[in-house]
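Worksheet: the structure to be examined is printed underneath.
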Amino acid sequence: MQKYELCVLFAGSQTEQEIEEHAKQVDELLKSSESDVKFTHSLGRKKLTYAISGQTHANYRCWLFEAEPESIPDLNEKLRLSQFSIRHLINKIESVSLEDHLKTLEDTKAGKSVSQQEEPEEEVKKEEEKAPEPAKPEPVDPKKEEKKVSLDQLDEKLDELLESDKL
């Protein structure tokens with residue numbers, strides 16, 4: 027059996043309940059292709075770089091599974107013909123073990139950068155000794171502080187600007 031990763035984009039206009047139902051349909055497709063699902067995770071709702079089928083946002087879901095290579099073309103065709111996904115991608119995982127790939131995904135989900143590797147303590151101590159003392163931050167003037175804006179508000183404002191004729 028070969029290791030694979032499946033990423034499916036669901037329309038951003040769908041509710042969480044609809045997305046869960048569609049995710050169950052993907053699970054059933056994987057079971058029907060005799061795949062062994064090892065891990066499933068949601069990357070959440072993201073803004074798309076360009077509109078796909080009139081959608082500017084999408085909900086990303088990923089599955090890590092093992093399957094026979096002969097079953098992948100049939101699974102790919104079923105996903106392509108499905109009405110619930112706007113895009114999908116099946117990648118073969120070759121260079122790392124499934125456990126290492128899972129750890130990388132969990133670290134990414136937890137907010138750790140892939141490039142952040144744990145360094146031996148001796149190297150960290152040497153770097154601390156060499157590092158100059160950081161400059162003290164300047165006091166913040168409360169009048170200069172601006173209101174924080176949520177990402178959804180920024181997305182809405184950006185969409186307004188892009189749709190309007192004013193530049």
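Position one of the sequence shown corresponds to residue 27 (our numbering), numbered consecutively onward. Note that the Cβ used here is the ideal one computed from N, Cα and C, for glycine as well. A quick note: this is a predicted structure, and the numbers were derived from the prediction, not measured.
Give every residue of the same chain whose Cβ lies closer than 6 angstroms to the Cβ of residue i, excluding the five residues on either side of it in the sequence, and list them in chain order.
i: F110; result: H48
i: R87; result: V34, A49 and S68
Given that a residue counts as buried once 16 or more other Cβ atoms are within 10 Å of its Cβ, and exposed if not, what is residue i?
i: S61; result: buried
i: V175; result: exposed
i: L101; result: buried
i: L56; result: buried
How big is the Cα-Cα spacing for residue i and residue j?
i: E44; j: C33; result: 17 angstroms
i: T41; j: N85; result: 10 angstroms
i: S97; j: Y30; result: 12 angstroms
i: S39; j: Y76; result: 15 angstroms
i: S79; j: S121; result: 34 angstroms
i: L107; j: K173; result: 46 angstroms
i: P7; j: K104; result: In the structure as shown, the chain starts at 27 and stops at 193, and residue 7 therefore has no counterpart that could be examined.
Is residue i helix, strand or coil when you go by DSSP?
i: E47; result: helix
i: S68; result: strand
i: T130; result: helix
i: S111; result: strand
i: K73; result: strand
i: V63; result: strand
In terms of residue numbering, what span does the alpha helix (DSSP H) encompassing residue i cover?
i: I98; result: I98 to L107
i: E182; result: L177 to E189
Which residues mark the beginning and the end of the beta strand (DSSP E) in which residue i is found?
i: K29; result: Q28 to A37
i: Q81; result: Q81 to A93
Within the same chain, show all residues whose beta-carbon is closer than 8 angstroms to that of residue i, passing over the 5 residues directly before and after it, in chain order.
i: E92; result: M27, Q28, K29, Y30, S61, D62, K64 and L124
i: I112; result: L35, F36, A37, I78, S79, Q81 and A84
Looking only at its own chain, which residues have a Cβ that is under 7 angstroms from the Cβ of residue i, when we skip the five neighbours before and after it?
i: L115; result: C33
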